[in-house]
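Asks:
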Amino acid sequence: MKHNVFLKKGIVLLVLAFIVGCGMKSQKEGENVKSKIDSLIAKMTLKQKIHMLHGNSFFTSGGVEELGIPEMHYTDGPFGVREELHANSWQPLGLTTDSATYLPTGSALGATWNPELALSYGKVLGQEARARDKDVLLGPAIDIDRNPNNGRTFEYLTEDPVLDAELAVAYVKGVQSEGIIACVKHYLANNQETGRRDVDEVVSQRALREIYMPAFKAAVEKGHADAVMPAYNKVNGKYCSANPFLLTKVLREEWGFTGITISDWGGVHSTVPTAKAGLDVEMNGDSDYNNYYFAQPLFDAVKAGKVSEDIINNKIRRILGVMFKYHMLGGGSRPKGRLNTPEHHQKAYEVASESIVLLKNTKHLLPLDASKIQSVAVIGDNATRKQAQLGFGAGVKSREITPLAGLKNKLKGKVKVQFAQGYKEEYKQVNQSGLDDSPKRIPVEKADPKLIKKAVEAAKKADVAIVVAGNTRTYESEGTDRESLALPFGENQLIKAVTAANPNTVVVIISGSPVELNQVKTETSALVWSGFNGIEGGTALANVLLGTVNPSGKLPFTFPKKLNDVPSQANGSFPGENGVTHYKEGILVGYRWYDTKDIAPLFPFGYGLSYTSFAFSDLKTNKGVFNKKDTIQVSVALKNTGDRAGKETVQLYVHAVNPSVHMAEQELKAFSKVSLKSGEQKNVSLPVAIKDLAYYNEDKNQWIILAGKYQLRVGASSRDIRESLTITIQ
Ligand code: BGC
Numbered sequence: 192m193k194h195n196v197f198l199k200k201g202i203v204l205l206v207l208a209f210i211v212g213c214g215m216k217s218q219k220e221g222e223n224v225k226s227k228i229d230s231l232i233a234k235m236t237l238k239q240k241i242h243m244l245h246g247n248s249f250f251t252s253g254g255v256e257e258l259g260i261p262e263m264h265y266t267d268g269p270f271g272v273r274e275e276l277h278a279n280s281w282q283p284l285g286l287t288t289d290s291a292t293y294l295p296t297g298s299a300l301g302a303t304w305n306p307e308l309a310l311s312y313g314k315v316l317g318q319e320a321r322a323r324d325k326d327v328l329l330g331p332a333i334d335i336d337r338n339p340n341n342g343r344t345f346e347y348l349t350e351d352p353v354l355d356a357e358l359a360v361a362y363v364k365g366v367q368s369e370g371i372i373a374c375v376k377h378y379l380a381n382n383q384e385t386g387r388r389d390v391d392e393v394v395s396q397r398a399l400r401e402i403y404m405p406a407f408k409a410a411v412e413k414g415h416a417d418a419v420m421p422a423y424n425k426v427n428g429k430y431c432s433a434n435p436f437l438l439t440k441v442l443r444e445e446w447g448f449t450g451i452t453i454s455d456w457g458g459v460h461s462t463v464p465t466a467k468a469g470l471d472v473e474m475n476g477d478s479d480y481n482n483y484y485f486a487q488p489l490f491d492a493v494k495a496g497k498v499s500e501d502i503i504n505n506k507i508r509r510i511l512g513v514m515f516k517y518h519m520l521g522g523g524s525r526p527k528g529r530l531n532t533p534e535h536h537q538k539a540y541e542v543a544s545e546s547i548v549l550l551k552n553t554k555h556l557l558p559l560d561a562s563k564i565q566s567v568a569v570i571g572d573n574a575t576r577k578q579a580q581l582g583f584g585a586g587v588k589s590r591e592i593t594p595l596a597g598l599k600n601k602l603k604g605k606v607k608v609q610f611a612q613g614y615k616e617e618y619k620q621v622n623q624s625g626l627d628d629s630p631k632r633i634p635v636e637k638a639d640p641k642l643i644k645k646a647v648e649a650a651k652k653a654d655v656a657i658v659v660a661g662n663t664r665t666y667e668s669e670g671t672d673r674e675s676l677a678l679p680f681g682e683n684q685l686i687k688a689v690t691a692a693n694p695n696t697v698v699v700i701i702s703g704s705p706v707e708l709n710q711v712k713t714e715t716s717a718l719v720w721s722g723f724n725g726i727e728g729g730t731a732l733a734n735v736l737l738g739t740v741n742p743s744g745k746l747p748f749t750f751p752k753k754l755n756d757v758p759s760q761a762n763g764s765f766p767g768e769n770g771v772t773h774y775k776e777g778i779l780v781g782y783r784w785y786d787t788k789d790i791a792p793l794f795p796f797g798y799g800l801s802y803t804s805f806a807f808s809d810l811k812t813n814k815g816v817f818n819k820k821d822t823i824q825v826s827v828a829l830k831n832t833g834d835r836a837g838k839e840t841v842q843l844y845v846h847a848v849n850p851s852v853h854m855a856e857q858e859l860k861a862f863s864k865v866s867l868k869s870g871e872q873k874n875v876s877l878p879v880a881i882k883d884l885a886y887y888n889e890d891k892n893q894w895i896i897l898a899g900k901y902q903l904r905v906g907a908s909s910r911d912i913r914e915s916l917t918i919t920i921q
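Residue numbering for the sequence shown is 192 to 921, as defined by my numbering.
1. Let's see if you can read the secondary structure: which residues bound the alpha helix (DSSP H) around Pro758?
2. When you compare the CB positions of Pro421 and Gly330, do they come within less than 8 Å of one another, or not?
3. Is it the case that the CB of Glu669 approaches a heavy atom of the ligand BGC more closely than 7 Å?
4. Pull up the distance between the alpha-carbon of Leu550 and that of Ser499, whole angstroms please.
5. Exposed or buried, what is Val905 when buried is set at 16 or more other beta-carbons lying within 10 Å of its beta-carbon?
6. Quick one: what does DSSP say Asn734 is sitting in, helix, strand or coil?
7. Specify whether the region 637 to 657 and the region 560 to 577 touch according to this definition: at least 3 beta carbon pairs, one from each stretch, less than 8 Å apart.
8. For Met192, I'd like the list of residues in its chain whose CB is within less than 6 Å of its CB, leaving aside the five on either flank, ordered along the chain.
9. Just list the residues that DSSP pairs Met420 with in beta bridges.
10. Below 8 Å, can you find three or more Cβ-Cβ pairs linking the region 814 to 828 to the region 784 to 801?
11. Between the C-alpha atoms of Gly246 and Tyr480, what's the straight-line distance to the nearest angstrom?
12. Here's the rule I'm using: 16 or more other beta-carbon atoms within 10 Å means buried, otherwise exposed. How should Glu369 be labelled?
13. Is the beta carbon of Ala861 closer than 8 Å to that of Leu877?
14. Roughly how many whole angstroms lie between the Cα atoms of Phe868 and Val740?
15. If we cut at 8 Å on Cβ distances, does Thr449 have a partner in chain D?
16. Using the Cβ count rule (16 or more neighbours within 10 Å means buried), how would you classify Val360?
17. For the ligand BGC, any of its heavy atoms closer than 7 Å to the Cβ of Leu348?
18. Less than 8 Å between the C-beta atoms of Ala596 and Ala649, yes or no?
19. May I ask whether a heavy atom of the ligand BGC can be found less than 7 Å away from the beta carbon of Gly584?
20. So, do the region 759 to 775 and the region 317 to 335 have three or more beta carbon pairs nearer to each other than 8 Å?
21. Is the Cβ-Cβ distance between Ala468 and Ala433 less than 8 Å?
22. Could you name the residues that DSSP lists as bridge partners for Pro634?
23. Answer yes or no: the CB of Leu284 versus the heavy atoms of the ligand BGC, is any distance below 7 Å?
24. Quick check on this structure: which residue in Thr812, Glu616, Gln537 has the alpha carbon closest to the alpha carbon of Arg576?
25. Answer yes or no: the CB of Gly342 versus the heavy atoms of the ligand BGC, is any distance below 7 Å?
26. Looking at Lys376 and the ligand BGC, is the gap between the Cβ and the nearest heavy atom below 7 Å?
27. If we call anything under 8 Å between Cβ atoms a contact, is Ala543 one with Gly728?
28. To which residues of the same chain is Arg590 closer than 7 Å at the C-beta, ignoring the five residues directly before and after it?
29. In the structure shown, what three-state DSSP assignment does Asp391 receive?
30. When DSSP labels each residue in this structure, what does Asp834 get in the three-state scheme?
31. Relative to the C-alpha of Leu379, which residue among Gln218, Val441, Ser629 is closest?
32. Okay, do the region 457 to 471 and the region 480 to 493 touch, 3+ Cβ pairs below 8 Å being the bar?
33. Around the C-beta of Ile228, are 16 or more other C-beta atoms found within 10 angstroms, so that it is buried, or is it exposed?
34. Does the distance from the C-beta atom of Val698 to that of Val658 stay below 8 Å?
35. Which of the three DSSP states is assigned to Gly597 in this structure?
Given below as structure tokens:
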């Protein structure tokens, strides 16, 4: 017995010694790197230092060959490694070796509500970026969806800070675990493309802290992101790239960010204020490299004593710091990466198949039973549209399984598939918006009667019609906002005609953002939403429609009934006046607005159906009264009460009961995606730290937890609460 105790003590001591040893080793390594950095800086001329602080081609920034310091290689972007471009222009090089895996875009990832998938997603990107010999991946893109008509909604994740943060952290960890630096963008409040390069987003401190910052904060604090890209726009009067509050006070001093800040391309407007505010590297899409603000002008500013060399040294220190960390310098091996592997395509498929949202299935038309139908009419231009490289900005050179191809692959030899185009992607007006940004496109409203006629004929002859409509990545694009949320190209007319011709019509809407679906919702019994869903998007869609995959996507944003219901439209603050946009809705963004103002959305945040059903019961907390340092241990039982396996996302919203300050009606505080076999039941735990219920007090500039009663609401969407209970914070 005694012997055993000694043995145990011995083991504990050995483990402790090991831990201390490891700690000392990493401390020593840290000191080693620090002294290596100091000695490199001591050897560098000012010219050499400045050379490292700006682009020396469109997607590299300078190194110092004489000292063995490499260039930094960047690549877009958030949903796949972009094709190679000429060094000095945006023209593609036209290689045959630069295709990559096209992953579902941001809002589709948002719709999975699955951080594990976000981790795999990041890993795929990291491995592919390494295989293409890059150092920095310009992603994830994580701005909160304030405006559904924002051209970049498809790239961004969600309208909720908690969901955004969880996905962003996992994505960043995935990328960086493969030896690539993740550059989180666009910091901050890049919520519209109209006037994006100069618009001043005037946002209250409270909305910044509670809505727009949390995902960035989490990406830095929990994801340990090593790069951040300030946005083009201004926040509260200052360009993000020259904003000391954002870049130094919040990012470095409060969040402890030790990585590098890299400007958006062409997002720098001054030398001295930008250098002092905390930007490290200036990038641009301009080949006059020596005239960048951070090139000769910065050199001159240092010589003239307007910027101290210490400021320059700190920037170099940070760049060298990440270079050592990622073994770009100082030896140590870097992962080699892998490109376009079957495993990567499989991951893209998994994300796609968990992101598709079943919006309506009142007559149980879905899933289609292939053994009971002889013919299907697939109708709509989006059924054959490849989206990977459309639009302005980052795209991916990739093969792509379209919806039609996906359905044909699945139904081959069993069911006859006929295709009709139904409508054409056509614009009645294309207004150039200046600079190199994307033109504003106004789609035609009416479909071609001849195309409708052919579609109706095909629908009449088939057992089932599947209309695949929605937006395209040309219409939803970086650099431009949409004027309307209406379905473009006369799609409503087409859907009306086809559903009248064949009552067994399924409508699939492909878009990266909310669209107006009032008419479609009324006319159609089976309605599905898919994001721009990556290389295997068509396979995932076919599997959902045919029931091989049970849909489990949940909306990452509210689908409003009309554009005017959107807060920024209702309060007239979009797109702003004279280059200034006042975020008058404050913290009431997304569902917070609809729930607080009691405006019924068409489809609420967090909504999505399944082919099975789930019952919630037995909501419990570990106690009823909590202190401010506690964590509420919430648990709920979830049972799959239907006849097939499925996944449900359990969502926990918190409602402050009669708060003494303005609060949103409810806020998502925890969620968990759970997989259950038919008949299976699981206990789902949803811990919530009391500190996460705090609000940001602008007078005191601090987070405050209000004592009082809080209702915990658990359910299957923000408007489908199944169980609730009240706790007290003292
Ligand atoms: C976009 C960034 C992108 C950069 C480089 C900019 O126009 O805003 O998101 O990473 O271009 O392509």
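Glycine included, every Cβ here is placed at the ideal spot set by N, Cα and C.
Replies: In short, the structure shows the following:
1. Here the alpha helix (DSSP H) through Pro758 covers 758 to 761.
2. Their beta carbons are not under 8 Å apart, which means Pro421 does not touch Gly330 by this criterion.
3. The ligand BGC approaches Glu669 closely enough that one of its heavy atoms is under 7 Å from the residue's Cβ.
4. Straight-line spacing of the CA atoms in Leu550 and Ser499 works out to 58 Å.
5. The residue is buried, with at least 16 neighbouring Cβ atoms inside 10 Å.
6. Helix.
7. Yes, since at least three Cβ pairs between the region 637 to 657 and the region 560 to 577 fall closer than 8 Å, the two stretches touch.
8. Note that Met192 scores 43 on pLDDT, short of 50, meaning its location in the model is unreliable; the coordinates nonetheless yield the value given after this. Answer for Met192: no residue qualifies.
9. Met420 is bridged by DSSP to Lys376.
10. No: the two stretches stay apart, fewer than three of their Cβ pairs being nearer than 8 Å.
11. One Cα belongs to Gly246, the other to Tyr480, and the distance between them is close to 7 Å.
12. Per the 10 Å Cβ criterion, buried.
13. Between Leu877 and Ala861, the CB-CB gap stays under 8 Å.
14. Checking the displayed sequence, the identity of residue 868 turns out to be Lys instead of Phe. About 13 Å.
15. Included in the structure is just one protein chain, with no chain D present.
16. Result: buried.
17. No - the ligand BGC has no heavy atom lying nearer than 7 Å to the Cβ of Leu348.
18. Their beta carbons are not under 8 Å apart, which means Ala596 does not touch Ala649 by this criterion.
19. Yes.
20. Judged by Cβ distances under 8 Å, the region 759 to 775 makes no contact with the region 317 to 335, as fewer than three pairs qualify.
21. For the pair Ala468 and Ala433, the CB atoms are nearer than the 8 Å cut-off.
22. Pro634 is bridged to Tyr618.
23. No, Cβ of Leu284 sits at least 7 Å from all heavy atoms of the ligand BGC.
24. For the residues Thr812, Glu616, Gln537, the minimum Cα distance to Arg576 belongs to Glu616.
25. It does not: the Cβ of Gly342 is nowhere closer than 7 Å to a heavy atom of the ligand BGC.
26. In this structure, the ligand BGC has a non-hydrogen atom nearer than 7 Å to the beta-carbon of Lys376.
27. A contact, by the Cβ cut-off of 8 Å.
28. Here Arg590 has Ile726 as same chain residues with Cβ atoms under 7 Å from its own Cβ, once five neighbours each way along the sequence are excluded.
29. Taken through DSSP and simplified to helix, strand or coil, Asp391 comes out as strand.
30. Reduced to three states, the DSSP call for Asp834 is coil.
31. Nearest option by C-alpha distance: Val441.
32. Because the criterion of three Cβ pairs below 8 Å is met, the region 457 to 471 and the region 480 to 493 touch.
33. Buried, since its Cβ has 16 or more Cβ neighbours within 10 Å.
34. Taking C-beta atoms as the reference points, Val698 and Val658 count as a pair closer than 8 Å.
35. Gly597 carries a helical assignment under DSSP once its states are collapsed to helix, strand and coil.
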